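Engineer:
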Amino acid sequence: TTQYTPYQPEIAQGRLESLLNYQTMICDMTGMEVANASLLDEGTAAAEALALAHRHNKRKKLFVSDKVHPQTISVIATRVNSLGLTLDVGDVFNVDTSSKEVAGILLQYPDTTGAVHNYEDVVKRAHADG
81 TTQYTPYQPE IAQGRLESLL NYQTMICDMT GMEVANASLL DEGTAAAEAL
131 ALAHRHNKRK KLFVSDKVHP QTISVIATRV NSLGLTLDVG DVFNVDTSSK
181 EVAGILLQYP DTTGAVHNYE DVVKRAHADG
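For the sequence shown, the numbering used here gives the first residue as 81, with consecutive numbering after it.
1) Pick from Gly94, Phe173, Ile185, Gly170: whose alpha carbon is nearest that of leucine 130?
2) State the start and end residues of the unbroken beta strand (DSSP E) segment that holds lysine 138.
3) Could you tell me whether the stretch 126–142 touches the stretch 156–174, using the rule of 3 or more Cβ pairs below 8 Å?
4) Between aspartate 209 and threonine 177, is the Cβ-Cβ spacing less than 7 Å?
5) What are the boundary residues of the beta strand (DSSP E) that threonine 166 is part of?
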């Protein structure tokens, strides 16, 4: 099998149905309007999440914690560059969201070193600043 096996005709319909059921359940549980479960890897998923944040609020600056896996940051940087957006990578505990320029913040739990942080204050501040 390969990463493309799920797309073979004999498997595709059942997989699509299970993805739809999963996405519907995630929307019901979280209250989100949309959910997606079909991206292939963490880098692609992270880049798409930030692109969705940009499309949602039209802001052009994205922030990624410097504790995200380096390969994920590389994928994000490539996507951000192609979209003409600005990417800041740094300490997520010091990100300034008060200017309302940041479209989205990406952090990783546990971080790339395996450390577990309490991001509650960061998330509250980001939500409060819109």
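Beta carbons are placed, not taken as given, at the ideal position from N, Cα and C, and that holds for glycine.
Since this is a predicted model, take the numbers as computed values, not measurements.
Structural biologist: According to the data block:
1) Ile185
2) Careful: lysine 138 lies outside any beta strand (DSSP E) and carries neither H nor E.
3) Enough Cβ pairs lie closer than 8 Å, so yes.
4) Yes, these two residues count as a Cβ contact at 7 Å.
5) 166–170
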